[in-house]
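Novice:
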Amino acid sequence: MLVLASLVLLTVYLREDDEGALHAAQRIGLAVLAPFEAAGERLARPFQDAYAYVSDLVDVKAERDALELRVHELEGQVVEYRTARQENERLRDLLDFVDGPALAEFERVTTRVLAQPASAYDQAILVAAGSDDGVAVDAPVVNEDGLVGIVTKVAPGVSSVALLTDESVAVSALDFATDARGIVRPAPSAGSGLVLDRVGKDQVVRVGDTVITAGWRSGNIASLYPMGIAIGTVTSVGQQDIDLYKRVQVDPFVDFDSLFEVIVLVRR
Amino acid sequence: MIVDAAKAVALIFAAAVVQVSFVNAFELAEGKADVVLLALVGVGLLRGPVFGACAGFFAGVVIDTATFGTLGLTSLLLTLTGYGIGRLGESTSHQRNQRARVVIAVALATLALELGSLVVHALLGGSAAFDQVVGRVLAPSLALNLVLAIPGYALLRRLFPPPARPEREVVPAV
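Order-wise, the sequence lines are chains A and G. Using the numbering used here, the letters of the first sequence correspond one by one to residues 265 to 532. Using the numbering used here, the letters of the second sequence correspond one by one to residues 2 to 175.
Put into structure tokens, the structure is as follows:
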């Protein structure tokens, strides 16, 4: 009887749209559960911090040395980029250039993560910002490291965010150094890794290059993601004669296992 | 019976909230402990298959609601798991070694739930990788659940004391 009830629930839920009766009931249930989850998350926070602290201690020295080197490199590049940016802005003004969606078109809603992914199949988190904060389905979600995912379900005070590692998520992206374009997807059977798919064999991608969102615009249609959000670093590039495209592995900047706060980008 | 049901509802609700907002944040390798499953195993072993199935159904609804997941999916898996553990509890109730019984039940429930999830997600069109689940998630999850199994069951035995066995009438030999 209960198995039958579960099957009926499952079938109706999958067949109805977001405004259906079961979805509405679920949103009400979630509104009831959200305060309990928020309380649980607050209680868990000190333990999570302690756990993250101990985990980070393992590679802290090697990471510090690598970061010091990186800072010296980046300091030199900052001056160069500032000059290029000023020149770029001046030229855009001159040409009246139409660009893809930019970060300036979005408002930032900073929010807590209420629930982490429940299982290997469920690459989604629950965040404490919902329709009453202006969050809508398909809003991009980022954190200080880069792109986290996209909002897939919204209720008052709560939203569900599909992570980049969820198989339903695909992002137009480009290699920042070479402008090679493709689509970032979760790597099949590679844990939290990503792949940059649909990169033609004639395009150049190098190990160590940074992959960012492409943020294209074509007439009235535009990418859901603003241009220039960091996604990850290319870790391997390969191609075979029988393949149509290059095989590009990307290591994401975001640590999807320890997300505590995220920023939802809401269109102005 | 009603008191037991109320206690089970409170227990499963608390376990689901703790699982979603607390336990899921802590990973060992890629595995996570499953306190809802442990609670379900305890309830199933101590109160039988019907009680286990009801507790599993309720736990599934709460988890699917709390995670904004696909309603009915976790209920289906946990209903079957709860019923199966209840049957196992009935058929092994005469066993003297309670610890071995609990450890076996937790191990079987973890395996059944992980593999059942794999099958159901595959049927629904998902492509969760078999090698990832079996190779990297299953072993650490199983280890964590087994570590928590005995102390968890001891707590649940206090909450759901096993029904007292009727004493045998001793008839004096004539």
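Don't be surprised by glycine CBs; every beta carbon is placed ideally from N, CA and C. In this text, all values refer to a predicted model and were calculated from it rather than measured experimentally.
DSSP state of ARG137(G), grouped into three classes?
Specialist: For the purposes of this step, residue 137(G) is identified with residue 136 of the second sequence, where counting begins at 1. Three-state result, ARG137(G): helix.
Novice: Output the boundary residues of the beta strand (DSSP E) element that contains GLY304(A).
Specialist: Taking the first residue of the first sequence as position 1, residue 304(A) is located at position 40. Where GLY304(A) is concerned, there is no enclosing beta strand (DSSP E), although the alpha helix (DSSP H) it sits in stretches over 285 to 321.
Novice: To which residues of the same chain is VAL37(G) closer than 8 Å at the C-beta, ignoring the five residues directly before and after it?
Specialist: Taking the second sequence and counting its residues from 1, one reaches residue 37(G) at position 36. These residues qualify, in order along the chain: ILE13, ALA16, ALA17, GLN20, ALA60, ILE64 and LEU79.
Novice: Taking all protein chains shown into account, decide if GLU28(G) is buried (16 or more other Cβ within 10 angstroms of its Cβ) or exposed.
Specialist: Numbered from 1 along the second sequence, position 27 holds the residue referred to as residue 28(G). When all chains shown are included, GLU28(G) counts as buried.
Novice: Under the rule that 16 or more other beta-carbon atoms within 10 Å means buried, what is VAL138(G), buried or exposed?
Specialist: Within the second sequence, numbered from 1, the residue matching residue 138(G) stands at position 137. It counts as buried.
Novice: Using a cut-off of 7 Å between C-beta atoms, extract the partners of PRO299(A) located in chain G.
Specialist: In the first sequence, counting from the first residue as 1, residue 299(A) sits at position 35. Within 7 Å Cβ-Cβ: nothing; PRO299(A) doesn't reach chain G, min ~10 Å.
Novice: THR275(A): which of THR66(G), PHE52(G) and THR71(G) sits nearest, CA to CA?
Specialist: Indexing the first sequence from 1 puts residue 275(A) at position 11. Out of THR66(G), PHE52(G) and THR71(G), THR71(G) has the C-alpha closest to the C-alpha of THR275(A).
Novice: Could you give the uninterrupted runs of the beta strand (DSSP E) lying entirely in the region 338 to 404 of chain A, keeping only those of 3 residues or more?
Specialist: Correct list: 370 to 379 and 388 to 391.
Novice: Please list, in chain order, all residues of the same chain as ALA9(G) whose beta carbon is under 6 Å from its beta carbon, the five residues on each side excluded.
Specialist: Sequence index remark: in the second sequence, residue 9(G) carries index 8 (1-based). Cβ neighbours of ALA9(G) beyond the five flanking positions: VAL44 and ALA56.
Novice: With a threshold of 8 Å between beta carbons, is PHE69(G) in contact with chain A?
Specialist: The sequence position of residue 69(G) within the second sequence is 68, counting from 1. It does; some Cβ of chain A falls within 8 Å.
Novice: What are the boundary residues of the beta strand (DSSP E) that includes GLY413(A)?
Specialist: By 1-based counting over the first sequence, the position of residue 413(A) is 149. Taken as a continuous stretch (DSSP letters only), the beta strand (DSSP E) holding GLY413(A) covers 411 to 419.
Novice: Between VAL435(A), ASP386(A) and VAL377(A), which has its C-alpha nearest ASN407(A)'s C-alpha?
Specialist: Taking the first sequence and counting its residues from 1, the one referred to as residue 407(A) is at position 143. The shortest Cα separation from ASN407(A) among VAL435(A), ASP386(A) and VAL377(A) belongs to VAL377(A).
Novice: For ASP430(A), does the count of other Cβ atoms within 10 angstroms reach 16, so buried, or fall short, so exposed?
Specialist: For the purposes of this step, residue 430(A) is taken as residue 166 along the first sequence, with counting starting at 1. With 16 or more Cβ atoms within 10 Å of its Cβ, ASP430(A) is classed as buried.
Novice: According to DSSP, is ALA454(A) part of a helix, a strand, or is it coil?
Specialist: Within the first sequence, the letter at position 190 stands for residue 454(A). Its pLDDT being 49, under 50, ALA454(A) is placed unreliably in this model, and the value from its coordinates should be taken loosely. ALA454(A): coil per DSSP, three-state reduction.
Novice: With a 10 Å radius around its C-beta and 16 neighbouring C-beta atoms as the bar for buried, classify PHE311(A) as buried or exposed.
Specialist: Taking the first sequence and counting its residues from 1, one reaches residue 311(A) at position 47. It counts as exposed.
Novice: Of all the options PHE69(G), SER22(G) and ILE3(G), which has the alpha carbon lying nearest to the alpha carbon of ARG306(A)?
Specialist: Here residue 306(A) corresponds to residue number 42 of the first sequence, with the count starting at 1. Of PHE69(G), SER22(G) and ILE3(G), the residue nearest in Cα terms is SER22(G).
Novice: What residues match up with GLU525(A) in a beta bridge as DSSP calls it?
Specialist: Start at 1 with the first residue of the first sequence, and residue 525(A) comes out as number 261. GLU525(A) pairs with ARG376(A).
Novice: For ARG462(A), which of helix, strand or coil comes out of DSSP?
Specialist: As a working mapping, residue 462(A) is identified with position 198 in the first sequence. Correct three-state label for ARG462(A): coil.
Novice: DSSP three-state label for ARG481(A), please.
Specialist: What you label residue 481(A) is simply residue 217 of the first sequence in a count that begins at 1. If DSSP states are grouped into helix, strand and coil, ARG481(A) belongs with the strands.
Novice: Give a yes or no on whether the C-beta atoms belonging to VAL530(A) and GLY340(A) are separated by under 8 Å.
Specialist: One-based indexing of the first sequence puts residue 530(A) at position 266. One-based indexing of the first sequence puts residue 340(A) at position 76. Result no, Cβ atoms of VAL530(A) and GLY340(A) do not sit closer than 8 Å.
Novice: With C-beta atoms as the reference, is VAL518(A) less than 8 Å away from VAL475(A)?
Specialist: On the first sequence, position 254 is the one that residue 518(A) refers to. On the first sequence, position 211 is the one that residue 475(A) refers to. Cβ distance not < 8 Å, so VAL518(A) and VAL475(A) don't count as in contact.
Novice: Counting C-beta neighbours from all protein chains within 10 Å, is the total for SER92(G) 16 or more, i.e. buried, or is it exposed?
Specialist: Taking the first residue of the second sequence as position 1, residue 92(G) is located at position 91. Per the 10 Å Cβ criterion, exposed.
Novice: According to DSSP, is ILE493(A) part of a helix, a strand, or is it coil?
Specialist: By 1-based counting over the first sequence, the position of residue 493(A) is 229. Reduced to three states, the DSSP call for ILE493(A) is coil.
Novice: Skipping 5 residues on each side, what residues in its chain have a beta carbon closer than 7 Å to that of GLY394(A)?
Specialist: As a first step, residue 394(A) is located in the first sequence; it is residue number 130 there, counting from the start. Counting only Cβ-Cβ distances below 7 Å, and skipping sequence neighbours, we find VAL418, ALA419, PRO420, GLY421, VAL422 and SER423.
Novice: For GLU344(A) and ALA140(G), I'd like the C-alpha separation in whole angstroms.
Specialist: Sequence index remark: in the first sequence, residue 344(A) carries index 80 (1-based). Sequence index remark: in the second sequence, residue 140(G) carries index 139 (1-based). Each residue's alpha carbon lies about 50 Å from the other.
Novice: If you draw a straight line from the alpha carbon of ALA454(A) to that of LEU411(A), how long is it in whole angstroms?
Specialist: Position 190 of the first sequence, counting from 1, holds the residue named residue 454(A). Position 147 of the first sequence, counting from 1, holds the residue named residue 411(A). Unreliable placement is indicated for ALA454(A), whose pLDDT of 49 sits below 50; no coordinate value is reported for it.
Novice: Spatial neighbours of THR374(A) within its chain, please: CB distance less than 6 Å, with the 5 preceding and 5 following residues excluded, ordered by chain position.
Specialist: For this step, residue 374(A) is matched to residue 110 along the first sequence. Excluding sequence neighbours, THR374(A) sits near ILE527.
Novice: Identify the contact partners of VAL18(G) in chain A, using a Cβ-Cβ distance below 9 Å as the criterion.
Specialist: Looking up residue 18(G) in the second sequence gives position 17. Per Cβ cutoff of 9 Å: LEU297, PHE300, GLU301, ALA303 and GLY304.
Novice: With burial defined as no fewer than 16 other Cβ atoms inside 10 Å of the residue's Cβ, what is the status of GLU288(A): buried or exposed?
Specialist: Position 24 of the first sequence holds residue 288(A). Looking at the sequence shown, residue 288(A) is not Glu but Ala. Classification for ALA288(A): exposed.
Novice: Flag VAL399(A) as yes if its beta-carbon sits less than 8 Å from any beta-carbon of chain G, otherwise no.
Specialist: Mapped onto the first sequence, residue 399(A) falls at position 135. With 8 Å as the cut-off, VAL399(A) does not count as an interface residue toward chain G.
Novice: With DSSP collapsed to three states, give me the class of LEU438(A).
Specialist: Within the first sequence, numbered from 1, the residue matching residue 438(A) stands at position 174. In this structure, LEU438(A) counts as strand in the three-state DSSP scheme.
Novice: Tell me, please, whether the CB atom of LEU321(A) is closer than 8 Å to any CB atom in chain G?
Specialist: To locate residue 321(A), count along the first sequence from 1; it is residue 57. Not an interface residue.
Novice: Since LEU157(G) contacts LEU41(G) with CB under 8 Å, what's their CB separation in whole angstroms?
Specialist: Within the second sequence, the letter at position 156 stands for residue 157(G). Within the second sequence, the letter at position 40 stands for residue 41(G). Not quite, the Cβ-Cβ distance comes to about 10 Å (not below 8 Å), so this is no contact.
Novice: Who pairs with ALA235(A) in a beta bridge, going by DSSP?
Specialist: Outside the displayed range of chain A (265 to 532) lies residue 235(A), so it cannot be described from this structure.
Novice: CB-CB under 8 Å to THR66(G), same chain, minus the five flanking residues each way: which ones, in chain order?
Specialist: What you label residue 66(G) is simply residue 65 of the second sequence in a count that begins at 1. Cβ neighbours of THR66(G) beyond the five flanking positions: LEU72.
Novice: Compare the C-alpha of THR75(G) against each of LEU160(G), LEU116(G) and PHE58(G) and name the closest.
Specialist: By 1-based counting over the second sequence, the position of residue 75(G) is 74. For the residues LEU160(G), LEU116(G) and PHE58(G), the minimum Cα distance to THR75(G) belongs to PHE58(G).
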